[in-house]
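FYI, in numbering that gives the first Met the number 0 the residues of the sequence shown are 0 to 464.
Backbone N, C-alpha and C fix where the C-beta goes; we use that ideal spot for every residue, glycine too.
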Amino acid sequence: MPLPNGWKLLEALVIELKSNLKLSTKLTLFITGSKLAIVGLFILLLPFLIGQIAANYTNFSLRNQQKKVLQNINKKGIDYYFEGDNSYGSYTMLKDEYIALETVAQKLKLDTIRDTKRIVEQDTIAYRVLSFTFQKNQKNYLLEIGKTTASINLYNDALQRFALYVLIILIALSIIIDLIFTRQLIKPLGQIIKLRLTNSRFPFKKKHGHINTSTQDFKYLDHSLISLMDQINEAFEKEREFTANASHEFMTPISILQNKMENLLTEESASEAIQEHIVDMMKTLERLKKISRSLLLISRIENEQFSKQDEIEPQTLFNEIVEEISHRLEEKNIQIDIDLSHNKRLSNINHDLLFQLFYNLINNAIKFNKENGRIQISDLLEKGHYSIQVSDSGQGIKAEDIPHVFDRFKKTGHAENAGYGLGLAIVKSIANYLNLKVQVNSILGEGASFKVIFEVEQHNSKAIT
0 MPLPNGWKLL EALVIELKSN LKLSTKLTLF ITGSKLAIVG LFILLLPFLI GQIAANYTNF
60 SLRNQQKKVL QNINKKGIDY YFEGDNSYGS YTMLKDEYIA LETVAQKLKL DTIRDTKRIV
120 EQDTIAYRVL SFTFQKNQKN YLLEIGKTTA SINLYNDALQ RFALYVLIIL IALSIIIDLI
180 FTRQLIKPLG QIIKLRLTNS RFPFKKKHGH INTSTQDFKY LDHSLISLMD QINEAFEKER
240 EFTANASHEF MTPISILQNK MENLLTEESA SEAIQEHIVD MMKTLERLKK ISRSLLLISR
300 IENEQFSKQD EIEPQTLFNE IVEEISHRLE EKNIQIDIDL SHNKRLSNIN HDLLFQLFYN
360 LINNAIKFNK ENGRIQISDL LEKGHYSIQV SDSGQGIKAE DIPHVFDRFK KTGHAENAGY
420 GLGLAIVKSI ANYLNLKVQV NSILGEGASF KVIFEVEQHN SKAIT
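Below, the structure written as structure tokens:
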């Protein structure tokens with residue numbers, strides 16, 4: 000019975016979510032990347048910005064000194080600086096700053112701040128100089144106030160470091176705040192994925208309440224998924240009920256037909272040719288009967304009509320299977336080797352279902368094996384997992400067919416042994432019901448191997464002792 004299309008849609012959505020980065024990871028990478036880009040850009044621009052700040056501050060300082068000098072001249076007169084001379088000049092001890100005042104031509108008009116060089120006591124020093132002309136007592140004077148560029152840039156490195164530290168702290172705080180907010184914002188999406196998709200097993204039995212979120216998009220997504228899951232469950236229940244009923248109803252007319260054909264065979268009036276045709280029809284009916292029984296078995300498994308209270312020793316189980324299937328092995332002269340070195344006892348299991356699972360695997364290994372072939376059964380215990388592997392030396396499976404080997408009524412691709420695909424479909428149904436995993440490996444022309452893994456959860460709950 001194929002899965003409803005809605006469930007396949009959900010499976011595709013889970014695969015898509017797993018194959019891509021999580022939304023939270025993407026947002027984290029984007030937030031961190033954008034902040035780092037800002038830091039990088041700021042570091043590149045920081046020397047220029049600090050230089051501009053230092054230059055503007057120097058200009059402001061020079062203008063303040065200009066105002067103070069002019070205020071002193073207005074209050075105390077120009078002679079306060081000249082003291083009888085035609086010019087005035089004053090330098091600090093380290094020549095970091097200087098003030099110069101002198102008489103200039105009437106036509107000279109200046110009001111500038113620029114970088115220039117001055118020769119002071121035979122030393123050439125770079126200054127940032129304010130040049131300003133003004134009128135006093137009908138004379139034109141030039142005021143120059145200079146500050147060395149070295150002293151201006153003295154604190155640039157310290158300012159850059161301080162600004163960088165402050166920026167890094169602010170960026171770190173903003174990243175933390177963004178991540179906390181982002182995590183809280185998309186938390187409902189994570190709950191939806193976990194409850195509705197990742198941890199859900201088909202058919203959906205557990206009923207979950209609606210996710211508590213104030214984001215309308217998440218509410219809509221949650222409601223849509225719940226509605227879709229309900230529709231899938233309803234469709235699956237109808238399909239499963241039909242399969243069970245149809246398979247059960249088929250058995251009665253098939254049995255009647257078989258009885259009538261057997262009666263025809265006993266009649267003396269039937270010719271040999273007619274009897275051969277009747278035998279062929281009985282073989283076809285027998286195959287149809289097996290299909291109906293298989294579908295009934297799958298339906299019973301999916302309806303959970305089997306208990307899980309048996310304890311099984313693998314070696315004993317395989318001895319029973321080989322005893323029942325020995326005639327098939329003899330037909331193709333196939334040697335079967337059972338090497339269960341661990342032979343772990345399994346509990347909380349169903350004997351009939353596990354028997355059927357391995358019976359079908361061994362039957363397939365015989366069916367697609369070659370004459371005088373070999374079947375190897377071995378077990379492995381590692382990392383809390385116990386596994387049993389059935390390998391054959393047969394035809395193998397094409398790589399593109401491996402994902403579909405458990406599909407119901409899937410053809411094998413081998414014309415002489417096309418089969419109906421229900422044997423492996425039963426294996427998959429039993430494995431799902433008993434919480435087992437089945438892995439398939441094959442090399443075309445060399446054989447195939449099916450590994451049945453008893454999960455670690457079962458190991459922890461004493462399913463393996």
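| Check | Outcome |
| --- | --- |
| Nearest-angstrom beta carbon gap, Leu339 and Asp378 [assumed within contact, 8 Å] | 5 Å |
| Extent of the continuous alpha helix (DSSP H) run through Lys366 | His350 to Lys366 |
| Residue of Ser306, His384 and Asp156 minimising C-alpha distance to Ile52 | Asp156 |
| 7 Å Cβ shell around Glu370 - same chain, five flanking residues per side excluded | Lys331 and Asn332 |
| Reference Tyr385; option with closest CA among Leu141, Leu328 and Leu435 | Leu435 |
| Residue interval of the alpha helix (DSSP H) (run including Asn342) | Counting along the chain, Asn342 falls outside any alpha helix (DSSP H), and DSSP gives it neither H nor E. |
| Unbroken stretches of the alpha helix (DSSP H), 4 residues or longer, contained in the region 129 to 174 | 148 to 151 |
| Option nearest Ala430 by Cα separation, candidates Asp391, Glu399, Leu360 and Gly372 | Leu360 |
| Rounded separation between Asp221 and Asp229 - CA only | 12 Å |
| Beta strand (DSSP E) segments (min. 3 residues) lying fully within the region 255 to 321 | 309 to 311 |
| Neighbour-count burial assignment, Asp84, 16 or more Cβ in a 10 Å radius | exposed |
| Cβ-based burial, Asp391 [other Cβ within 10 Å; buried from 16] | buried |
| For Ile376 and Arg327, believed in contact at Cβ under 8 Å, the rounded distance | The pair is not a contact, with the Cβ atoms about 15 Å apart (cut-off 8 Å). |
| Close-in-space but distant-in-sequence residues of the same chain around Leu35 (CB under 6 Å, 5 per side omitted) | none |
| Three-state secondary structure assigned by DSSP to Thr57 | helix |
| Enclosing beta strand (DSSP E) for Ala99 [first to last residue] | Glu96 to Val103 |
| Counted within 10 angstroms of its Cβ, other Cβ atoms place Pro313 as buried (16 or more) or exposed | buried |
| Beta-bridge pairing of Thr212 - partner residues as DSSP gives them | Thr212 pairs with nothing; no bridge assigned. |
| Residues of its chain near Leu178, where Cβ-Cβ distance is below 8 Å and the 5 sequence neighbours each way are ignored | Thr27 and Ile30 |
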